Amino acid sequence: MGDRVLQSVARHLSDVRGEDAAFRLSGDGFAVIFATVGLSGSRIAMRRLEAAIKGDEDCPRLSLSYGVAELQGGDPASLIAAAGHQLLRIKRTRARRPVMAE
(Lines of atoms letter the chains of each structure in order from A and count residues from 1; the text may use other names and numbers.)
(Lines give C-alpha, C1' and ligand atoms only; values in the text may rest on other atoms or scores of the structure.)
Protein backbone atom coordinates (compact mmCIF):
# COMPACT_ATOMS: atom_id res chain seq x y z
CA MET A 1 0.00 0.00 0.00
CA GLY A 2 2.79 2.48 0.84
CA ASP A 3 4.40 2.32 -2.58
CA ARG A 4 1.05 2.86 -4.28
CA VAL A 5 0.40 5.92 -2.15
CA LEU A 6 3.83 7.39 -2.92
CA GLN A 7 3.31 6.73 -6.63
CA SER A 8 -0.09 8.38 -6.50
CA VAL A 9 1.25 11.46 -4.72
CA ALA A 10 4.11 11.68 -7.22
CA ARG A 11 1.64 11.42 -10.10
CA HIS A 12 -0.40 14.33 -8.74
CA LEU A 13 2.72 16.40 -8.11
CA SER A 14 3.81 15.85 -11.70
CA ASP A 15 0.71 17.79 -12.76
CA VAL A 16 2.09 21.13 -11.51
CA ARG A 17 2.27 23.93 -14.08
CA GLY A 18 5.21 24.22 -16.44
CA GLU A 19 6.95 27.04 -14.57
CA ASP A 20 6.62 25.18 -11.25
CA ALA A 21 8.59 22.14 -10.12
CA ALA A 22 7.97 19.17 -7.83
CA PHE A 23 10.49 16.65 -6.61
CA ARG A 24 10.99 14.01 -3.94
CA LEU A 25 13.31 15.01 -1.13
CA SER A 26 13.47 11.71 0.75
CA GLY A 27 11.22 9.00 2.10
CA ASP A 28 7.72 10.45 2.07
CA GLY A 29 8.95 14.05 1.73
CA PHE A 30 8.32 16.05 -1.42
CA ALA A 31 8.99 19.66 -2.37
CA VAL A 32 6.98 21.84 -4.72
CA ILE A 33 8.30 25.16 -5.97
CA PHE A 34 5.69 27.62 -7.22
CA ALA A 35 7.67 30.09 -9.28
CA THR A 36 5.25 32.99 -9.65
CA VAL A 37 2.44 32.95 -7.08
CA GLY A 38 3.88 33.99 -3.69
CA LEU A 39 2.78 32.68 -0.30
CA SER A 40 -0.99 33.04 -0.67
CA GLY A 41 -0.97 31.53 -4.16
CA SER A 42 1.21 28.67 -2.94
CA ARG A 43 -1.24 27.98 -0.15
CA ILE A 44 -4.14 27.86 -2.65
CA ALA A 45 -2.16 25.60 -4.98
CA MET A 46 -1.29 23.22 -2.12
CA ARG A 47 -4.93 23.03 -1.07
CA ARG A 48 -5.85 22.07 -4.64
CA LEU A 49 -3.13 19.43 -4.71
CA GLU A 50 -4.26 18.15 -1.33
CA ALA A 51 -7.87 17.83 -2.53
CA ALA A 52 -6.76 15.99 -5.68
CA ILE A 53 -4.56 13.60 -3.70
CA LYS A 54 -7.21 12.91 -1.07
CA GLY A 55 -9.74 12.25 -3.83
CA ASP A 56 -7.50 9.54 -5.29
CA GLU A 57 -8.70 6.01 -4.55
CA ASP A 58 -5.11 4.98 -3.70
CA CYS A 59 -5.00 7.58 -0.89
CA PRO A 60 -8.30 7.19 0.98
CA ARG A 61 -7.05 8.02 4.48
CA LEU A 62 -3.91 9.96 3.69
CA SER A 63 -3.26 13.08 5.72
CA LEU A 64 -0.89 15.68 4.32
CA SER A 65 1.31 18.08 6.20
CA TYR A 66 3.20 20.80 4.39
CA GLY A 67 5.23 23.89 5.08
CA VAL A 68 5.20 26.93 2.83
CA ALA A 69 7.95 29.53 2.57
CA GLU A 70 8.83 32.32 0.16
CA LEU A 71 12.29 33.00 -1.21
CA GLN A 72 13.13 36.66 -0.71
CA GLY A 73 16.70 37.12 -1.82
CA GLY A 74 18.79 34.40 -0.24
CA ASP A 75 19.54 31.06 -1.81
CA PRO A 76 17.34 28.07 -2.62
CA ALA A 77 18.77 26.08 0.31
CA SER A 78 17.36 28.69 2.70
CA LEU A 79 13.96 28.32 1.03
CA ILE A 80 13.97 24.55 1.57
CA ALA A 81 15.13 25.05 5.17
CA ALA A 82 12.33 27.57 5.86
CA ALA A 83 9.64 25.29 4.43
CA GLY A 84 11.13 22.36 6.37
CA HIS A 85 10.98 24.39 9.57
CA GLN A 86 7.27 25.08 8.98
CA LEU A 87 6.67 21.39 8.31
CA LEU A 88 8.37 20.44 11.59
CA ARG A 89 6.09 22.87 13.43
CA ILE A 90 3.10 21.02 11.99
CA LYS A 91 4.44 17.58 12.82
CA ARG A 92 5.23 18.61 16.41
CA THR A 93 1.68 19.81 16.99
CA ARG A 94 0.07 17.14 14.80
CA ALA A 95 -2.11 19.96 13.48
CA ARG A 96 -2.56 18.52 9.96
CA ARG A 97 -2.85 21.96 8.50
CA PRO A 98 -0.47 24.22 6.61
CA VAL A 99 1.76 26.60 8.50
CA MET A 100 2.88 29.67 6.61
CA ALA A 101 6.35 31.16 6.99
CA GLU A 102 6.38 34.33 9.05
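Numbered according to my numbering, the sequence shown spans residues 57 to 158.
Each residue gets a CB set at the ideal place from its N, CA and C atoms; glycine is no exception.
Model, not experiment: these values are computed from the prediction.
Alpha-carbon spacing of H141 relative to A101, whole angstroms
20 angstroms
Check the DSSP bridge columns for F79 and list the partner residues they point to.
A87
Under 8 angstroms, with one C-beta from each stretch per pair, do the segment 126-142 and the segment 99-114 reach the 3-pair mark?
no
Tell me whether G111 sits in a helix, a strand or coil according to DSSP, three-state version.
coil
Neighbourhood of A108 by C-beta distance below 7 angstroms, restricted to the same chain and skipping five residues each side:
H68
Can you round the beta-carbon distance between S98 and F86 to whole angstroms, since I take them to be within the 8 angstroms contact cut?
Incorrect: roughly 14 angstroms between the Cβ atoms, too far for contact.
If you compare alpha carbons, which of S121, A78 and R103 is closest to A163?
Residue 163 is absent from the structure shown; the chain starts at 57 and stops at 158.
Boundaries of the alpha helix (DSSP H) in which D59 is found, first to last residue
G58 to L69
With a threshold of 7 angstroms on Cβ separation, who are the neighbours of T92 within its own chain once the five nearest residues in sequence on each side are excluded?
E75
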